[in-house]
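Here the structure comes first, spelled out in structure tokens, and everything after it is commentary.
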Amino acid sequence: MSLLKTTMVTTLLLTGYSTYSHANTPPELSLQNATWKFNKQSAYALQHDDYCGGTQGSIDTIVVPALLARGLTASFGVIAKTCWAPLWEKAREHVNAGFTLFNHSMRHTPAYKPTWEKSNFKVIWDNKRDIADANQRIKNKTGFTPTFMALPYDIGSDESYAYVREHSELIAMRAPVENNGKWSGNLGINHKDFSNPYKLKVELFHNWSPYWKLGKNKRLPAFLQETIEREGFGIQYFHGVADESYYSVAKSEYLHFLDKLKKASDENLVWVADASEIVNYRFAREYCTLVLQSRSQKMANFSGQGSLTSTKKCNKSNGQLTAMADIEDNIRKIEQGGQAIKFTQVAGKLQFEYETNKGDVALYF
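Per this note's numbering, residue -11 is the first one in the sequence shown, and the count goes up by one each step.
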């Protein structure tokens, strides 16, 4: 994937072409794609690993109800081979409730020998089985197509990395903590203009976390706060809650953190969404543009076809974007493809969401 360097927002200069006299020529109008959806300050994705591998009980009974009560979302990493009928049914219920699933391999075996294992450790990883077949199995069993990959133990190899990148359905992956048997590290916060969605930095609930020493009720919000301050994209992942899973987090600490996350979201400090949705937005706001087609005193019409050099890339990452403009004229309505869309205009600040593949956008003054 060839990626272009972007600034905080993609500025789209839309200059009117008219035959009006200078006095009657409508003023130049400038639109921007917000860095993050809804023009929130940062982006954040919450993940839980090992669904069907020991964490499903607390995900079903603690995580999902707590998130629903707060209007938040998360994604669950499915180990495809170890799910059985009742768990597939629960996974479908979670999808229907608005949650997402990601591919956590077929059998949760590492893609390369971990450095902590003995020399006789046998690697049984197979790219087709543990990536492609696992994705297909999850899709067949739940009706949901995973677009995000998390390698077991975050152990990677050049071959597994290339295989995921070439898979047509997978658009993002967590960076490996070890690759080809060498420590690479994957902790951190992703820059707002990150270039490689297949090497995303993460924060794991584990005692090697740089925030661990802050102690209970402070270490989890600390990562969120730093994500907000950097205006970046944070991925924070856990295993189970109040169970016997790997570094299980206490229920009280987890719920306390969700309250902090909810407050930050309500205050427009963070956009909480699925990691793949955030990745898609980051590239769509770079590659998709609105091109002015006509401008008069009463309306301005923009084509959503993208720029001449980025249309193909826009089509690969289309979705919903947040547009903004500084405009003094009062907007009566905005339509896309002939359908009215919601907008806000406060003190000359216009903001609305539009679909990159749903036709022209018309502003009426």
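For glycine and all other residues, C-beta sits at the position ideal for the given N, C-alpha and C.
- Exposed is the label assigned to residue 352, since fewer than 16 other Cβ atoms lie within 10 Å of its Cβ.
- In this structure the segment 269 to 284 does not touch the segment 160 to 170; the number of beta carbon pairs closer than 8 Å is below three.
- Residue 309 and residue 341 have their C-alpha atoms roughly 5 Å apart.
- The beta carbon of residue 174 sits closer than 7 Å to the beta carbons of 142, 162, 163, 164, 165, 189 and 190 from its chain, once the five residues preceding and following it are set aside; these are given in chain order.
- The C-beta distance from residue 19 to residue 312 rounds to 7 Å, short enough to meet the 8 Å contact threshold.
- In this structure, residue 67 places its C-beta atom within 8 Å of the C-beta atom of residue 96.
- Taking C-beta separations shorter than 8 Å and ignoring five residues to either side along the sequence, the partners of residue 78 in its chain run 44 and 48, following chain order.
- Of the candidates 304, 335, 265 and 243, 243 places its Cα closest to the Cα of residue 57.
- In this structure, the straight-line span from the alpha carbon of residue 109 to that of residue 140 is close to 16 Å.
- Residue 38 is positioned such that its CB atom lies closer than 8 Å to that of residue 227.
- Straight-line measurement puts the Cα of residue 172 at about 29 Å from the Cα of residue 205.
- Close CB contacts of residue 246 within its chain, under the 6 Å cut and outside five residues either way in sequence, are with 54 and 58 (chain order).
- Exclusion of the five residues before and after residue 250 leaves 58, 59 and 60 as the residues of its chain whose Cβ lies within less than 8 Å of its Cβ.
- Under DSSP, the beta-bridge partners assigned to residue 282 are 289.
- Of the candidates 212, 278, 169 and 221, 221 places its Cα closest to the Cα of residue 183.
- In this structure, DSSP gives residue 129 a helical state, which the three-state scheme calls helix.
- Annotation for residue 141: no alpha helix (DSSP H) segment contains it, and DSSP assigns it neither H nor E.
- Separation of the CB atoms of residue 267 and residue 212 is rounded to 19 Å, and the pair is thereby denied contact status at 8 Å.
- In the three-state reduction of the DSSP assignment, residue 95 falls in the coil class, being assigned neither a helical nor a strand state.
- Less than 8 Å separates the beta-carbon of residue 131 from that of residue 80.
- A straight-line Cα-Cα distance of about 26 Å links residue 29 and residue 318.
- CA-CA distance, residue 114 to residue 325, rounds to 46 Å.
- Taking the C-beta atoms as reference points, residue 63 is found nearer than 8 Å to residue 87.
- Straight-line spacing of the CA atoms in residue 99 and residue 93 works out to 10 Å.
- Assigned with DSSP and collapsed to three states, residue 51 falls in helix.
- Pairing residue 314 with residue 16, the inter-Cα distance amounts to about 11 Å.
- For residue 198, the CB contacts under 8 Å within the same chain, skipping 5 residues up- and downstream, are 175 in chain order.
- By the C-beta density criterion, residue 235 is exposed, having fewer than 16 other C-beta atoms within 10 angstroms.
- Beta-bridge partners assigned by DSSP to residue 259: 31.
- Residue 124 and residue 151 have their alpha carbons spaced roughly 15 Å apart.
- Contact between residue 76 and residue 127 is ruled out by a C-beta separation of about 12 Å, above the 8 Å threshold.
- By the 16-neighbour rule on beta-carbons within 10 angstroms, residue 82 is buried.
- For the pair residue 306 and residue 344, the CB atoms are nearer than the 8 Å cut-off.
- Under DSSP, residue 222 shares a beta bridge with 32.
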